[in-house]
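K.L.:
Number of protein chains: 2
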Amino acid sequence: MIIIGEKINGSIPSVGKAIAERDADFIRNLAKIQTDASAAFIDVCASVEVSVELETMKWLIDLVQEVTDTPISIDSPHARTCVEAIEFCRKPGLINSVSGERDKMEVVFPVIAATKWECAALLCDDTGIPKTADKRLEVFGKVLEKAEARGIASSRLHIDPLVEMLCTSEDGINMVVEVIKKIKKEYPAIHVTGGLSNVSFNLPARKLVNQAFTVLMMNAGMDSGILDPTNRDLMGMIYATEALLGQDEYCMEYIGAYREGLFGQKK
Amino acid sequence: MIIIGEKINGSIPSVGKAIAERDADFIRNLAKIQTDASAAFIDVCASVEVSVELETMKWLIDLVQEVTDTPISIDSPHARTCVEAIEFCRKPGLINSVSGERDKMEVVFPVIAATKWECAALLCDDTGIPKTADKRLEVFGKVLEKAEARGIASSRLHIDPLVEMLCTSEDGINMVVEVIKKIKKEYPAIHVTGGLSNVSFNLPARKLVNQAFTVLMMNAGMDSGILDPTNRDLMGMIYATEALLGQDEYCMEYIGAYREGLFGQKK
Chain U
711 MIIIGEKING
721 SIPSVGKAIA
731 ERDADFIRNL
741 AKIQTDASAA
751 FIDVCASVEV
761 SVELETMKWL
771 IDLVQEVTDT
781 PISIDSPHAR
791 TCVEAIEFCR
801 KPGLINSVSG
811 ERDKMEVVFP
821 VIAATKWECA
831 ALLCDDTGIP
841 KTADKRLEVF
851 GKVLEKAEAR
861 GIASSRLHID
871 PLVEMLCTSE
881 DGINMVVEVI
891 KKIKKEYPAI
901 HVTGGLSNVS
911 FNLPARKLVN
921 QAFTVLMMNA
931 GMDSGILDPT
941 NRDLMGMIYA
951 TEALLGQDEY
961 CMEYIGAYRE
971 GLFGQKK
Chain Z
711 MIIIGEKING
721 SIPSVGKAIA
731 ERDADFIRNL
741 AKIQTDASAA
751 FIDVCASVEV
761 SVELETMKWL
771 IDLVQEVTDT
781 PISIDSPHAR
791 TCVEAIEFCR
801 KPGLINSVSG
811 ERDKMEVVFP
821 VIAATKWECA
831 ALLCDDTGIP
841 KTADKRLEVF
851 GKVLEKAEAR
861 GIASSRLHID
871 PLVEMLCTSE
881 DGINMVVEVI
891 KKIKKEYPAI
901 HVTGGLSNVS
911 FNLPARKLVN
921 QAFTVLMMNA
931 GMDSGILDPT
941 NRDLMGMIYA
951 TEALLGQDEY
961 CMEYIGAYRE
971 GLFGQKK
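From first to last, the protein sequence lines stand for chains U and Z. All you need for this note's numbering is the position in the first sequence, starting with 1, plus 710. All you need for this note's numbering is the position in the second sequence, starting with 1, plus 710.
#1: Along the beta strand (DSSP E) that carries D785(Z), what are the first and last residues, could you check?
#2: With a threshold of 16 other CB atoms inside 10 Å of the CB of M962(U), please say whether the residue is buried or exposed.
#3: Can you pull the chain U neighbours of M947(Z), defined as C-beta to C-beta under 8 Å?
#4: Which residues, in chain order, does the segment 903-917 of chain Z contribute to contact with chain U at a C-beta distance below 7 Å?
#5: Could you tell me whether the segment 882-901 of chain Z touches the segment 795-805 of chain Z, using the rule of 3 or more Cβ pairs below 8 Å?
#6: For the alpha helix (DSSP H) holding V853(U), just list the boundary residues, first then last.
#7: By the DSSP assignment, the beta strand (DSSP E) with E716(U) in it spans what residues?
#8: Looking at I890(U) and G931(U), is the spacing between their C-beta atoms short of 8 Å?
#9: Anything in chain Z within Cβ reach of N884(U), meaning under 7 Å, just list it in chain order.
#10: Look up N912(Z) in the DSSP assignment and say whether it is helix, strand or coil.
#11: Between G966(U) and chain Z, is there a C-beta pair that is closer than 8 Å?
#12: Please report whether the beta-carbon of E959(Z) lies at a distance below 8 Å from any beta-carbon of chain U.
#13: Got a sec: is the Cβ-Cβ distance from A857(Z) to anything in chain U below 8 Å?
#14: Going by the beta-carbon positions, is the gap between A922(Z) and T951(U) smaller than 8 Å?
#15: Do the segment 757-775 of chain Z and the segment 735-748 of chain Z touch if we need at least three Cβ pairs shorter than 8 Å?
#16: So for E828(U), helix, strand or coil by DSSP?
#17: So the candidates are E794(Z), K852(Z) and D881(Z); which of them puts its Cα closest to the Cα of D835(Z)?
#18: Less than 7 Å between the CB of S748(Z) and some heavy atom of the ligand ZN, yes or no?
#19: Does the segment 907-919 of chain U come close enough to the segment 859-876 of chain U to have 3 or more Cβ pairs within less than 8 Å?
#20: Could you tell me the alpha carbon to alpha carbon distance between I752(Z) and V793(Z), rounded to whole angstroms?
#21: Quick one: which residues of the segment 872-899 of chain U get their C-beta closer than 8 Å to a C-beta of chain Z? List them in chain order.
#22: Just tell me which of I965(Z), L972(Z) and D933(Z) has its CA closest to the CA of L944(Z).
#23: Looking at C-alpha atoms only, which residue of I822(U), F798(U), T791(U) and C829(U) is the closest neighbour of V808(U)?
#24: Which residues of chain U have a Cβ atom closer than 8 Å to the Cβ of A789(Z), listed in chain order?
#25: For K895(U), which of A749(U), L847(U) and A795(U) has the nearest alpha-carbon?
#26: Rounded to a whole number of angstroms, what is the C-alpha to C-alpha distance between I869(Z) and E816(U)?
#27: Residues of chain U with CB under 7 Å from A987(Z), in chain order?
#28: Within its chain, find whatever has a CB closer than 7 Å to the CB of A728(U); leave out the 5 residues flanking it on each side and keep chain order.
#29: Suppose the cutoff is 8 Å on Cβ atoms and the five residues either side in sequence are ignored; what does the same chain contact list for K768(U) look like?
#30: Tell me whether I722(U) sits in a helix, a strand or coil according to DSSP, three-state version.
#31: Do L872(U) and L1012(U) count as a contact pair if the criterion is CB distance below 8 Å?
#32: Any beta carbon of chain U sitting closer than 8 Å to that of L937(Z)?
#33: Quick check on the DSSP output: the beta strand (DSSP E) that includes D870(Z) runs from which residue to which?
#34: On the premise that I714(U) lies in contact with S934(U), defined as a C-beta separation below 8 Å, what is that separation, rounded to the nearest angstrom?
#35: How many Å lie between V758(Z) and P781(Z) at the Cα?
#36: Would E763(Z) and T791(Z) qualify as a contact pair, given that the criterion is a beta-carbon distance under 8 Å?
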């Protein structure tokens with residue numbers, strides 16, 4: 711599982727406050743604890759007005775790179791910000807994200823084409839989030855076509871099929887599972903990613919829904935996730951699921967992660 | 711999910727002690743808390759020497775029936791004890807269990823044939839636990855054949871495919887998942903059951919493995935489980951999984967169970 715650490719996000723109140731007050735230690739600490747918890751990327755989302763977004767991104771990325779070599783996930787709804795922030799990064803990371811919206815891919819793909827940057831792509835387009843599996847697969851087809859046209863290998867794409875709230879769903883997550891299975895069957899090297907907590911919006915005991923959801927999504931083929939790696943129960947559940955799915959012979963990874971202290975009772 | 715409450719089992723040290731000391735209140739309380747936690751059956755396993763097993767079963771079953779109308783799951787490795795304990799029960803319950811071992815079915819099936827008793831059946835036989843999916847399905851075929859010959863509908867059977875320890879497995883639980891899917895595809899009315907904690911034997915942070923396992927088994931088709939219904943996180947995970955699998959429109963059951971206090975923070 712490729713862990714994209716989600717904690718440096720200005721829409722989280724404590725982080726928004728740290729950004730507003732330029733509390734460097736607070737940000738550095740978030741980068742450090744996520745690195746220690748085995749994040750593969752540190753997501754950086756400023757969540758500020760677009761006029762000050764790029765300078766805020768630079769401030770955040772610099773701080774992260776002061777304490778860790780873990781690659782950055784540049785997280786912005788603005789494609790222009792995403793590509794301009796690339797120059798702040800010491801090594802290739804992840805653009806988070808493009809979508810089926812035409813101009814996003816046209817801004818991002820040419821810039822990352824000849825690089826090692828990876829890219830998350832949401833299965834929505836200019837008309838919104840499609841309601842059916844077929845329509846989402848259509849958006850996927852367009853994303854893949856544009857990526858291939860630029861020579862971006864499918865292994866550099868993290869497809870986010872977009873899971874909606876469970877509380878308003880009539881068939882649970884069946885549609886999204888169908889989308890994932892079809893994509894992974896045809897393109898085994900592609901990554902499937904997603905946020906792991908939106909699904910439980912408006913429900914009680916959200917943690918349990920999020921954990922069960924993670925297990926089912928991994929079973930469907932999700933191999934990348936935007937999540938809090940310091941959430942020990944969730945991390946343990948991820949390692950357990952890999953072992954149960956036969957991806958961890960004799961539970962060596964599970965036991966190793968436990969011994970490293972990534973989950974289980976704090977020592 | 712059909713919950714078979716596992717707490718009245720003499721092999722649990724505190725329960726073994728209560729049985730030895732004939733501590734009636736202790737047993738009554740276990741029956742009551744499992745009923746309150748929505749168990750569909752109260753499993754009763756004496757785990758004593760066979761010479762005193764039947765009288766111990768009678769003592770236990772009488773106590774359970776003093777406090778609840780929830781049907782009994784008569785749990786014994788001895789088929790003879792299972793059928794003799796039927797007469798202690800006020801209403802039909804579950805025989806736990808028969809297996810592919812020839813004489814067990816021959817003792818139990820004729821007795822329950824013309825009743826509403828249900829029956830758990832383990833997919834092992836006189837040669838032990840088969841190593842391959844095909845061999846387990848062969849045992850299943852024999853069980854089904856014997857049940858059908860007695861007119862026992864498949865909906866009265868709870869098949870336990872027997873999950874072995876994850877720590878010694880090379881392919882996780884893939885083989886068992888294959889067995890379950892094949893059985894449920896051909897016989898949708900049959901129940902698939904199992905203990906939910908053996909899988910994590912010898913691993914650290916067992917709770918997380920057990921929970922992820924439960925989610926994956928339910929996804930495969932398990933709809934019955936021998937478990938502790940007072941384990942609130944596990945119960946919440948079960949309700950969450952049903953909603954995620956599309957078996958609980960708009961999460962009404964999930965929200966209802968939460969409001970009843972079956973999971974979430976204790977009030």
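Backbone N, C-alpha and C define an ideal beta-carbon position, used for all residues, glycine too.
P.N.:
According to the data block:
#1: Counting from one through the second sequence, the residue named residue 785(Z) turns up at place 75. Segment I782 to D785, the beta strand (DSSP E) holding D785(Z).
#2: Taking the first residue of the first sequence as position 1, residue 962(U) is located at position 252. By the neighbour-count rule (16 or more Cβ atoms within 10 Å), M962(U) is not buried but exposed.
#3: The residue you call residue 947(Z) lines up with position 237 of the second sequence. Within 8 Å Cβ-Cβ: L918, Q921 and A922.
#4: L913, P914 and A915
#5: no
#6: Residue numbering aside, residue 853(U) sits at position 143 when the first sequence is read from its first letter. Unbroken alpha helix (DSSP H) run through V853(U): A843 to A859.
#7: As a first step, residue 716(U) is located in the first sequence; it is residue number 6 there, counting from the start. Start and end: I712 to N719.
#8: As a working note, residue 931(U) is residue 221 in the first sequence. As a working note, residue 890(U) is residue 180 in the first sequence. With contacts defined as CB atoms closer than 8 Å, G931(U) and I890(U) qualify as a contacting pair.
#9: The residue you call residue 884(U) lines up with position 174 of the first sequence. In chain order: G956.
#10: By 1-based counting over the second sequence, the position of residue 912(Z) is 202. DSSP places N912(Z) in coil when its eight states are reduced to three.
#11: Locating residue 966(U) in the first sequence gives position 256, where the first residue counts as 1. No, its Cβ sits nowhere closer than 8 Å to a Cβ of chain Z.
#12: Working through the second sequence from its first residue, we reach residue 959(Z) at position 249. So yes, E959(Z) belongs to the interface.
#13: The residue labelled residue 857(Z) in the question sits at position 147 within the second sequence. Chain U contact via Cβ: absent.
#14: Residue mapping note: residue 922(Z) aligns to position 212 of the second sequence, counting from 1. Residue mapping note: residue 951(U) aligns to position 241 of the first sequence, counting from 1. Taking 8 Å as the Cβ cut-off, A922(Z) and T951(U) qualify as a contacting pair.
#15: yes
#16: Within the first sequence, residue 828(U) is the residue found at index 118, counting from 1. Of the three classes helix, strand and coil, the one that applies to E828(U) here is strand, per DSSP.
#17: By one-based count along the second sequence, residue 835(Z) stands at place 125. Comparing Cα positions, the closest option is K852(Z).
#18: Only the bare structure without any ligand can be found here, which leaves the ligand ZN out of the picture.
#19: yes
#20: The count along the second sequence starts at 1 and reaches residue 752(Z) at position 42. The count along the second sequence starts at 1 and reaches residue 793(Z) at position 83. Going from the Cα of I752(Z) to the Cα of V793(Z) covers about 17 Å.
#21: Within the segment 872-899 of chain U, the qualifying residues are L876, C877, T878, S879, E880, D881, G882, I883 and N884.
#22: As a first step, residue 944(Z) must be located in the second sequence, where it is residue number 234. For the residues I965(Z), L972(Z) and D933(Z), the minimum Cα distance to L944(Z) belongs to L972(Z).
#23: Locating residue 808(U) in the first sequence gives position 98, counting from the first residue. Nearest option by C-alpha distance: C829(U).
#24: Residue 789(Z) sits at position 79 when you count from the first residue of the second sequence. Here the premise fails: no neighbours, minimum Cβ distance about 33 Å.
#25: Working through the first sequence from its first residue, we reach residue 895(U) at position 185. Checking every option, the nearest Cα to that of K895(U) belongs to L847(U).
#26: Residue numbering aside, residue 869(Z) sits at position 159 when the second sequence is read from its first letter. Residue numbering aside, residue 816(U) sits at position 106 when the first sequence is read from its first letter. One C-alpha to the other measures close to 55 Å.
#27: Outside the displayed range of chain Z (711 to 977) lies residue 987(Z), so it cannot be described from this structure.
#28: Numbered from 1 along the first sequence, position 18 holds the residue referred to as residue 728(U). Correct list, in chain order: F736 and I737.
#29: As a first step, residue 768(U) must be located in the first sequence, where it is residue number 58. A795 and F798.
#30: Position 12 of the first sequence holds residue 722(U). Coil at I722(U), not helix or strand.
#31: For residue 1012(U) there is no data in the structure shown, the boundaries of chain U being 711 and 977.
#32: In the second sequence, counting from the first residue as 1, residue 937(Z) sits at position 227. Not closer than 8 Å to any Cβ of chain U, the Cβ of L937(Z) fails to qualify, so no.
#33: One-based indexing of the second sequence puts residue 870(Z) at position 160. Start and end: L867 to D870.
#34: The residue given as residue 934(U) occupies position 224 in the first sequence. The residue given as residue 714(U) occupies position 4 in the first sequence. Cβ atoms of S934(U) and I714(U) come within 8 Å of each other, at about 7 Å.
#35: The sequence position of residue 758(Z) within the second sequence is 48, counting from 1. The sequence position of residue 781(Z) within the second sequence is 71, counting from 1. Just so you know, the alpha carbons of V758(Z) and P781(Z) end up roughly 22 Å apart.
#36: Taking the first residue of the second sequence as position 1, residue 763(Z) is located at position 53. Taking the first residue of the second sequence as position 1, residue 791(Z) is located at position 81. It is a contact, given that the beta carbons lie within the stated cut-off.
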